Amino acid sequence: MTAANPVTLPLADYKAAHVRFEVAGKVATLTLDRADKKNPLTFESYAEIVDIFRAAARDKVVKAIVVTGAGGNFSSGGDVFEIIGPLIEMETASLLDFTRMTGEVVKAMRACPQPIIGAIDGVCAGAGAAIAMACDLRIGTPEARISFLFNRVGLAGCDMGACAMLPRIIGQGRAAELLFTGRMLSGEEAQRWGFFNRLAASKAVLSEAQELAAQLADGPTFGNAMTKRMLEMEWAMSVETAIEAEAVAQALCMETQDFRRAFHAFANKQKPVFEGN
Numbered sequence: 006m007t008a009a010n011p012v013t014l015p016l017a018d019y020k021a022a023h024v025r026f027e028v029a030g031k032v033a034t035l036t037l038d039r040a041d042k043k044n045p046l047t048f049e050s051y052a053e054i055v056d057i058f059r060a061a062a063r064d065k066v067v068k069a070i071v072v073t074g075a076g077g078n079f080s081s082g083g084d085v086f087e088i089i090g091p092l093i094e095m096e097t098a099s100l101l102d103f104t105r106m107t108g109e110v111v112k113a114m115r116a117c118p119q120p121i122i123g124a125i126d127g128v129c130a131g132a133g134a135a136i137a138m139a140c141d142l143r144i145g146t147p148e149a150r151i152s153f154l155f156n157r158v159g160l161a162g163c164d165m166g167a168c169a170m171l172p173r174i175i176g177q178g179r180a181a182e183l184l185f186t187g188r189m190l191s192g193e194e195a196q197r198w199g200f201f202n203r204l205a206a207s208k209a210v211l212s213e214a215q216e217l218a219a220q221l222a223d224g225p226t227f228g229n230a231m232t233k234r235m236l237e238m239e240w241a242m243s244v245e246t247a248i249e250a251e252a253v254a255q256a257l258c259m260e261t262q263d264f265r266r267a268f269h270a271f272a273n274k275q276k277p278v279f280e281g282n
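All residue numbers for the sequence shown refer to our numbering, where the first residue is 6 and numbers rise by one.
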């Protein structure tokens, strides 16, 4: 269950084998690209996605990442015949290897310092919904259909961190409803519930996500990475501990050149140009 084409640095030179991966300037776009089947995931694509996000954590050029799907859909989740079928024949140890590997996708996305923006259209189900959940920001479409459908195939809703992360995005009761029933969440409802930050037309959702990614990539990227890290760490902190942790984090940001650039630009009535250091 490892990628056939290990990720090498820099990311701009990486040729993906199981997903489509492109870098334009400071923004990378990862596309789940099996449009004929609504972009299902395979053992190999799971592993490659993990490798890409782990490599992104070390890359010095890519400052923001967009995740999307090809052909008007995000992802239908694990491929029925290439994943679900083989899983039925596995013993416990192999099954645990698989579930840990799928969880590594979310862990790698959350550990990646760059902001990740999901551009989500059409079907977004199962593991696809979990990958969308793991993004920092999500732009959806009215046609999007999100479903954490694990219980509909006889499994628990606790998959790939859903029981930990989904309640923090949309609230405990709403998350419980989706994870117990596996029902479909429409695009408009997903926006009302806070799963989507905003909606865009299907033809514009990717470009809007890439524009937002470019905006973040041009910002104080050390500060953005710190924001992402603290959003992650403070889930398990008391308010008092969080305030102290933020004081330390902000003091570190105040030592950056970007902080000085912002001050000098403000003093000269100019727009700051951040360089990420």
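We treat Cβ as the ideally placed atom computed from N, Cα and C, and that holds for glycine. Values in this document were obtained by computation on a predicted structure and should not be read as measured data.
Cβ neighbour criterion (16 or more within 10 Å) applied to residue i
i    : result
A9   : Only weak support is given to the placement of A9: the predicted model assigns it a pLDDT of 49, under 50, and the value that follows is read from those uncertain coordinates. With fewer than 16 Cβ atoms within 10 Å of its Cβ, A9 is classed as exposed.
C117 : buried
Q220 : exposed
D18  : exposed
C163 : exposed
M165 : buried
M4   : Here the chain covers residues 6 to 282 and nothing more, so residue 4 does not appear.
Q275 : exposed
H269 : exposed
K65  : exposed
Q177 : exposed
V158 : exposed
D263 : buried
L171 : buried
A161 : exposed
T261 : buried
K20  : exposed
V85  : exposed
V244 : exposed
DSSP beta-bridge partners of residue i
i    : result
F26  : L35
I174 : The partner list for I174 (beta bridge, DSSP) is empty, contrary to what the question assumes.
V71  : T34, I122
V128 : R150
L3   : Residue 3 is absent from the model: the chain starts at 6 and stops at 282.
G162 : DSSP, once it has assigned bridges, lists no residue as partnering G162.
G83  : L46
Straight-line Cα distance separating residue j from residue i
i    : j    : result
T226 : S50  : 28 Å
G123 : A181 : 23 Å
V210 : G127 : 11 Å
T7   : L154 : Confidence is the limiting factor: at T7 the pLDDT is only 48, short of 50, which leaves the residue's position unreliable and the question unanswerable from this model.
M106 : V278 : 39 Å
T146 : S81  : 16 Å
A272 : A167 : 46 Å
R25  : E94  : 30 Å
V72  : R234 : 19 Å
F48  : P120 : 25 Å
R59  : P91  : 27 Å
E148 : A256 : 44 Å
G281 : S207 : 32 Å
D38  : T97  : 30 Å
M242 : A252 : 14 Å
N78  : F200 : 17 Å
G228 : L183 : 34 Å
R197 : C129 : 17 Å
C140 : I125 : 11 Å
M259 : E249 : 15 Å
E237 : A267 : 26 Å
Boundaries of the alpha helix (DSSP H) in which residue i is found, first to last residue
i    : result
S212 : 210 to 222
R266 : 262 to 272
Y51  : 48 to 61
K42  : Premise fails: K42 is in no alpha helix (DSSP H) and is neither H nor E.
L92  : 90 to 93
M197 : The residue asked about is misnamed: residue 197 is Arg in this sequence, not Met. From DSSP, the alpha helix (DSSP H) with R197 extends over 192 to 198.
F103 : 97 to 116
R234 : 226 to 238
T246 : 244 to 258
CB-CB length for residue i against residue j, believed under 8 Å
i    : j    : result
R63  : L142 : Between L142 and R63 the Cβ distance is about 22 Å, and since that is not below 8 Å, they are no contact.
T34  : Q215 : 7 Å
V28  : L16  : 6 Å
I136 : M189 : Actually they do not touch by this definition, with Cβ atoms about 17 Å apart.
V12  : I70  : Contact doesn't hold; Cβ gap of about 13 Å is too wide.
M231 : I174 : At roughly 21 Å, the Cβ-Cβ gap does not stay under 8 Å, so M231 and I174 are not in contact.
A132 : G83  : 5 Å
A22  : E53  : 6 Å
V32  : A218 : 5 Å
V67  : A61  : 6 Å
Terminal residues of the beta strand (DSSP E) in which residue i lies
i    : result
I144 : 142 to 145
Chain D within 7 Å of residue i, Cβ atoms only
i    : result
Q177 : Chain labels in this structure do not include chain D; a single protein chain is all it has.
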